[in-house]
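Visitor: Start counting the sequence shown at 1; every next residue gets the next number (full-length UniProt numbering). Cβ atoms here follow ideal geometry from the backbone N, Cα and C, with glycine treated the same way. I'd like to ask some things about the structure below.
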Amino acid sequence: MSISTVDRVLNGRDPVRPQTAERVLNAARQIGFHGVTAIARRLEHDKPVIKFGFLLKQSHRKLYQMWSDILVAATEAFPDAHGRAIVRFMDDLAPDKAAEAIYALSREADVIGMITSDHPQVNHAVDGLAAENIPVVTMISDISTASRAAYVGNDCIKKGRTAAWFIAGLNSDGGKVSVFVGSHRYLAQELNEMGFRSYFRESAPGFQMLETVATLEEPEIAYEATRRLLQTEPNWVGLYVAGGGITGVMRALREDGEPAAKRLVVVAHELTNETRAGLAEGLIRVVLSHPAKLLGETLVRAMAQALDTNRSQTVSQHIVPFDFYTATNI
1 MSISTVDRVL NGRDPVRPQT AERVLNAARQ IGFHGVTAIA RRLEHDKPVI
51 KFGFLLKQSH RKLYQMWSDI LVAATEAFPD AHGRAIVRFM DDLAPDKAAE
101 AIYALSREAD VIGMITSDHP QVNHAVDGLA AENIPVVTMI SDISTASRAA
151 YVGNDCIKKG RTAAWFIAGL NSDGGKVSVF VGSHRYLAQE LNEMGFRSYF
201 RESAPGFQML ETVATLEEPE IAYEATRRLL QTEPNWVGLY VAGGGITGVM
251 RALREDGEPA AKRLVVVAHE LTNETRAGLA EGLIRVVLSH PAKLLGETLV
301 RAMAQALDTN RSQTVSQHIV PFDFYTATNI
């Protein structure tokens with residue numbers, strides 16, 4: 001860092017990058033510089049105001065209420081701007097409704113972070129916003145248009161393979177396994193399924209893969225599918241719930257109570273109050289979960305970076321690790 005840059009921060013002559021100014025402020029604090037308070041006030045005053053728009057799925061699902069709280073907290077704690085969080089939910093997940101919701105949020109926000117399906121109508125909306133310099137960052141599940149600014153989430157292939165590794169390791173005699181997705185339109189869930197299937201194909205040939213079930217993110221559909229498989233597949237030993245519907249699965253297993261239901265190894269996503277209870281009861285064996293606070297902080301920073309007009313126009317990837325939980329570490 002040059003002397004002239006430090007001088008600009010100390011005296012407020014010209015603007016510098018927020019990260020650079022923070023480094024100068026931290027150094028000033030470490031050496032006990034007398035003007036620390038004045039520098040901090042000046043930097044706080046100089047921060048830009050950013051309206052962060054977040055588009056999440058159904059408002060009635062506790063998972064997305066949890067994400068809302070996390071993203072609001074991450075926005076308020078973001079050190080490089082005065083952030084304002086604008087959270088909107090999509091109760092109707094149809095692609096045309098998602099596109100409408102994206103356009104509507106763009107009229108309120110400077111940048112958008114969203115979880116949505118990969119569909120031509122959604123991609124067209126994102127392309128339109130990119131042309132208007134309103135960047136879109138995908139969260140948890142990516143989309144296929146090159147116009148999105150960044151993706152923040154897990155390595156979904158690796159996550160699916162990890163789910164398969166747990167199920168295979170906990171079933172030494174093999175058997176039938178299946179995967180539930182919310183919708184085939186979510187790239188994350190498609191990749192989860194791909195990784196899950198590839199593991200069994202390559203590393204656990206003693207298992208037979210059943211047809212994938214799409215739950216449409218509805219617990220009732222997952223409940224009925226679980227009941228049906230328990231009744232028709234006596235050698236069903238593993239289930240990976242890569243999309244919505246885990247509460248329906250838990251309900252079916254709880255009601256059944258037979259040896260086949262107790263033997264079933266269930267791997268689910270995201271540590272919530274419901275999945276935590278499922279682990280404690282033994283209905284779920286493993287939960288693979290985004291590190292919520294880290295993901296929120298990474299998303300907000302990626303959204304702020306997307307507003308930098310000097311940034312590279314290539315799509316940036318922010319891969320965060322996933323945690324795993326069992327009944328022994330919740």
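Please go through the same chain and pick out, in chain order, the residues whose beta-carbon is closer than 6 Å to the beta-carbon of P219, but skip the five residues on each side of it.
Guide: Excluding sequence neighbours, P219 sits near G245, T247 and G248.
Visitor: Which one or two residues does DSSP pair with D323 in a beta bridge?
Guide: According to DSSP, which records beta bridges pairwise, D323 is partnered with S289.
Visitor: If you count every other CB in all the chains shown that lies within 10 Å of the CB of T232, and 16 or more means buried, which is it?
Guide: Classification for T232: exposed.
Visitor: Given N235, which residues of its chain have a CB within under 6 Å of its CB, disregarding the five upstream and five downstream residues?
Guide: Answer for N235: G175 and K176, listed in chain order.
Visitor: Within the same chain, show all residues whose beta-carbon is closer than 7 Å to that of M194, passing over the 5 residues directly before and after it, in chain order.
Guide: The answer, listed in chain order, is I157 and G160.
Visitor: Helix or strand or just coil, what does DSSP make of Q58?
Guide: Q58 falls in the coil class under three-state DSSP.
Visitor: Quick one, which of M114, A99, P95 and R61 has its alpha-carbon nearest V87's?
Guide: It is M114.
Visitor: Where does G169 sit, in a helix, a strand or coil, going by DSSP?
Guide: Looking at G169 - three-state DSSP - the assignment turns out to be helix.
Visitor: Taking only three categories from DSSP, how would you classify S178?
Guide: Looking at S178 - three-state DSSP - the assignment turns out to be strand.
Visitor: So which of A77, A98, M139 and H124 has the shortest CA-CA distance to S316?
Guide: Taking only the C-alpha atoms, the option nearest S316 is M139.
Visitor: Suppose you measure from the CA of N171 to the CA of D118; what does that come to, to the nearest Å?
Guide: About 34 Å.
Visitor: Nearest CA to the CA of L55: which residue from K97, F78, A222 and R254?
Guide: That would be K97, whose Cα lies nearest to the Cα of L55.
Visitor: Examine chain E for any beta-carbon lying closer than 9 Å to the beta-carbon of A306, and answer yes or no.
Guide: Chain labels in this structure do not include chain E; a single protein chain is all it has.
Visitor: Could you check how far apart the C-beta atoms of V267 and R285 are, in whole angstroms? I think they sit under 8 Å.
Guide: Between R285 and V267 the Cβ distance is about 7 Å, and since that is below 8 Å, they are a contact.
Visitor: Measure from the alpha carbon of N329 to the alpha carbon of each residue in V287, V300 and A302, then state which is nearest.
Guide: That would be V287, whose Cα lies nearest to the Cα of N329.
Visitor: Would you report the Cα separation of S178 and V237, rounded to the nearest angstrom?
Guide: Answer to the nearest angstrom: the Cα atoms are 9 Å apart.
Visitor: Less than 7 Å between C-beta atoms, sequence neighbours within five positions excluded: which residues of the same chain meet that for P135?
Guide: These residues qualify, in order along the chain: V111, A149, A306 and L307.
Visitor: Between which residues of its own chain and V126 is the CB-CB distance below 8 Å, once the five residues before and five after are set aside?
Guide: Same-chain partners within the cutoff: I102, V136, I143, T145, S147 and R148.
Visitor: Can you give me the C-alpha to C-alpha distance between D155 and A260, rounded to a whole angstrom?
Guide: Cα to Cα, D155 sits roughly 32 Å from A260.
Visitor: Relative to the C-alpha of T275, which candidate in G257, S289, V122 and V213 has its C-alpha closest?
Guide: Measuring from the Cα of T275, the nearest candidate turns out to be S289.
Visitor: When you compare only the Cα positions, how much space is there between A327 and F78?
Guide: Approximately 34 Å between the Cα atoms of the pair.
Visitor: Helix, strand or coil for V300? Go by DSSP, reduced to three states.
Guide: V300 falls in the helix class under three-state DSSP.
Visitor: Got a sec? Which residues, its chain only, sit under 8 Å from I70 by beta carbon, not counting five neighbours each side?
Guide: These residues qualify, in order along the chain: A292, K293, L295 and G296.
Visitor: Does DSSP put K51 in a helix, in a strand, or in coil?
Guide: DSSP places K51 in strand when its eight states are reduced to three.
Visitor: Tell me, please, which residues DSSP counts as bridged to M194.
Guide: For M194, which the question treats as bridged, DSSP gives no partner whatsoever.
Visitor: Quick check: the Cα distance between M303 and Y151, rounded to an integer number of angstroms?
Guide: Cα-Cα distance, rounded: 10 Å.
Visitor: Pull up the distance between the alpha-carbon of A168 and that of V300, whole angstroms please.
Guide: Taking the straight line from one Cα to the other gives about 37 Å.
Visitor: Using only the alpha-carbon positions, how far apart do L105 and V72 sit?
Guide: Using only the alpha carbons, I get a separation of about 16 Å.
Visitor: Let me know the secondary structure DSSP gives H124 once reduced to three states.
Guide: Of the three classes helix, strand and coil, the one that applies to H124 here is helix, per DSSP.
Visitor: For G278, which residues in the same chain have their Cβ closer than 6 Å to its Cβ, ignoring the five residues on either side in sequence?
Guide: Closer than 6 Å at Cβ, skipping near neighbours: M250 and I284.
Visitor: Note down the Cα distance separating V6 from G128, rounded to an integer number of angstroms.
Guide: Residue placement at V6 is flagged as unreliable, the pLDDT there being 46, under the threshold of 50; the coordinate-derived value follows with that caveat. Their Cα atoms are separated by approximately 40 Å.
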